[in-house]
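Q: Pasting in a structure now, in structure tokens, and then I'll have a few things to ask.
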Amino acid sequence: MPDNKGMSKILVTGAAGFIGMHVTLALLARGDEVVGIDNLNDYYDPQLKRDRIAHIGQQPNAARFRFRLQDIADNQPLQDLFTHERFDRVVHLAAQAGVRYSLTNPHAYAQSNLVGFVNILEACRHHQIGHLVYASSSSVYGGNTRMPFSEEDAVDHPVSLYAATKKANELMAHTYSHLYGLPTTGLRFFTVYGPWGRPDMAPMLFTKAILAGEAIKVFNHGDMRRDFTYIDDIVAGVIGTLDRAPEPDPDFNRDTPSASASWAPYRVFNIGHSEPVALMDFIQTLEKILQRTATKTLLPMAPGDVAATYADVSALAQWTGVNPHTGIEEGIARFADWYQSYFKG
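Read in order, the letters of the sequence shown are residues 3 to 347 in the working numbering.
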């Protein structure tokens, strides 16, 4: 199958986000031109988002990067951007993130993850984009308990609105791949962590509390496992899939249909470390690296949450050659170094 390697003009939505910043840096480092957009919303402190964009601007290859303050839910400016820029490919990472926030702010998810995604699909369709890679989530597995999670598993029982919007994205993408021949690849991210990470996720929340001598909230009384995946491994998977646009699967059988491929140019992949870590072990590793002891407040399972995640990444490895490998101790150490430098801890 032909690939799409080589210098390209690429749109990265959500470029001020955690994954978006790192993907942008990697694309610039290899010679691509990148236009990044983000609405810099206040779901968490916008200053961190602005600092990420500033960090991109400090790189030697920053001349190939341009940032625009833009909301994907605002359709006409988005269509105008595509008309003006003539992108080759799109990495769509902008979304309203967070499981718990979706319990109290459902309309934010409808606007960004549904309306915004339709706008992206329409722009890609009308401007002959060579490949759309978009962020899905491990949360689509919902109430599934068979481990590891496989792309061939049914994902029909979401336990949060956030998860439902991500499943909807995969269905919407397939429709556009079928109707208009738009090559789309959905990536189900598993618990991403690392430098410049999100303040609403456990690594940042735990580190902040431990260094301040405050208690950390440990849900399900600590009986949880997460497939923590270091950001560099996520970026490798994003770029590996970006460089190989899907084609229709000639072996696709409609009598026994695959859930991750299609007669259309459509694929879905897990990206995880494939070695789930007990939450208490994660905390213990963080304590060791910070040389502090955490005070733990044990709580019941939070609504919309799940007890365990575990990615089968064999399909990703076969498709791209990417096999996430960064261990938890190495990844947490790098994160802690960045955290204490950034926050002067």
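For each residue, glycine too, the CB sits at the ideal point set by N, CA and C. No experiment lies behind these values; they were computed from the predicted model shown.
Grab me the residues of Phe337's own chain with a C-beta within less than 8 angstroms of its C-beta, minus the 5 sequence neighbours each way, in chain order.
A: Only Tyr195, Gly196, Pro197, Gly199, Pro205 and Thr209 meet the Cβ criterion.
Q: Do Leu189 and Ala137 have their beta-carbon atoms positioned less than 9 angstroms apart in this structure?
A: Yes, the pair counts as a contact, with Cβ atoms nearer than the cut-off.
Q: Ala319 bridges to which residues according to DSSP?
A: None, per the DSSP bridge assignment.
Q: Measuring CA to CA, which of Asp76, Lys168, Leu27 and Ser262 is closest to Gly118?
A: Looking at the Cα atoms, Asp76 is the closest of the given residues.
Q: Compare the C-alpha of Phe84 against each of Ser140, Ile12 and Asp53 and name the closest.
A: Ranking the options by Cα distance to Phe84, first place goes to Ile12.
Q: Report yes or no: do three or more beta-carbon pairs, one from the segment 221 to 239 and one from the segment 304 to 311, lie closer than 8 angstroms?
A: These segments touch.
Q: So for Leu2, helix, strand or coil by DSSP?
A: Residue 2 falls outside the range modelled here, since the chain spans only 3 to 347, and no answer is possible.
Q: Suppose contacts are defined by Cβ-Cβ distances below 9 angstroms. Is Ile212 in contact with Asp283 by that definition?
A: For Ile212 and Asp283, no; Cβs fall outside 9 angstroms.
Q: Along the alpha helix (DSSP H) that carries Lys290, what are the first and last residues, could you check?
A: Segment Leu281 to Leu292, the alpha helix (DSSP H) holding Lys290.
Q: According to DSSP, what are the bridge partners of Glu331?
A: In the DSSP output, where bridge partners are listed per residue, Glu331 has none listed.
Q: Grab me the residues of Asp34's own chain with a C-beta within less than 8 angstroms of its C-beta, minus the 5 sequence neighbours each way, in chain order.
A: Met9, Ser10, Lys11, Ile12 and Arg66.
Q: Looking at Phe151 and Ala313, is the spacing between their C-beta atoms short of 9 angstroms?
A: Cβ distance < 9 angstroms, so Ala313 and Phe151 count as in contact.
Q: What is the DSSP secondary structure of Phe271, counted as helix, strand or coil?
A: Strand, per DSSP.
Q: Give the single residue among Pro250, Ile218, Leu134 and Gly239 whose Cα lies nearest to the Cα of His180.
A: Nearest option by C-alpha distance: Pro250.
Q: Quick check on the DSSP output: the alpha helix (DSSP H) that includes Ser2 runs from which residue to which?
A: No answer is possible for residue 2: it lies beyond the span of the chain, which begins at 3 and ends at 347.
Q: Of all the options Ser141, Arg91 and Leu95, which has the alpha carbon lying nearest to the alpha carbon of Gln130?
A: When each option's Cα is compared against that of Gln130, the closest is Arg91.
Q: Measure the beta-carbon distance from Trp321 to Arg246 and round it to whole angstroms, keeping in mind my assumption that it falls under 8 angstroms.
A: At roughly 6 angstroms, the Cβ-Cβ gap stays under 8 angstroms, so Trp321 and Arg246 are in contact.
Q: From the DSSP output, in three-state form, read off Thr85 for me.
A: If DSSP states are grouped into helix, strand and coil, Thr85 belongs with the helices.
Q: Determine whether the beta carbon atoms of Leu95 and Asn63 lie at a separation below 9 angstroms.
A: Going by C-beta atoms, Leu95 is not nearer than 9 angstroms to Asn63.
Q: So, at 6 angstroms on beta carbons, what are the nonlocal neighbours of Asn41 in its own chain, with the 5 sequence-adjacent residues on each side left out?
A: Asp73.
Q: Assign Ala214 to buried or exposed, taking buried as 16 or more other Cβ atoms, counted over all protein chains shown, within 10 Å of its Cβ.
A: So Ala214 ends up on the exposed side.
Q: To the nearest angstrom, how far is the alpha carbon of Met149 from that of Pro278?
A: Approximately 10 angstroms between the Cα atoms of the pair.
Q: Can you confirm whether the segment 162 to 176 touches the segment 230 to 248 when touching is taken to mean that 3 or more C-beta pairs between the two stretches lie within less than 8 angstroms?
A: No: the two stretches stay apart, fewer than three of their Cβ pairs being nearer than 8 angstroms.
Q: Report buried or exposed for Glu153, applying the criterion of at least 16 other Cβ atoms within 10 angstroms of its Cβ.
A: By the neighbour-count rule (16 or more Cβ atoms within 10 Å), Glu153 is buried.
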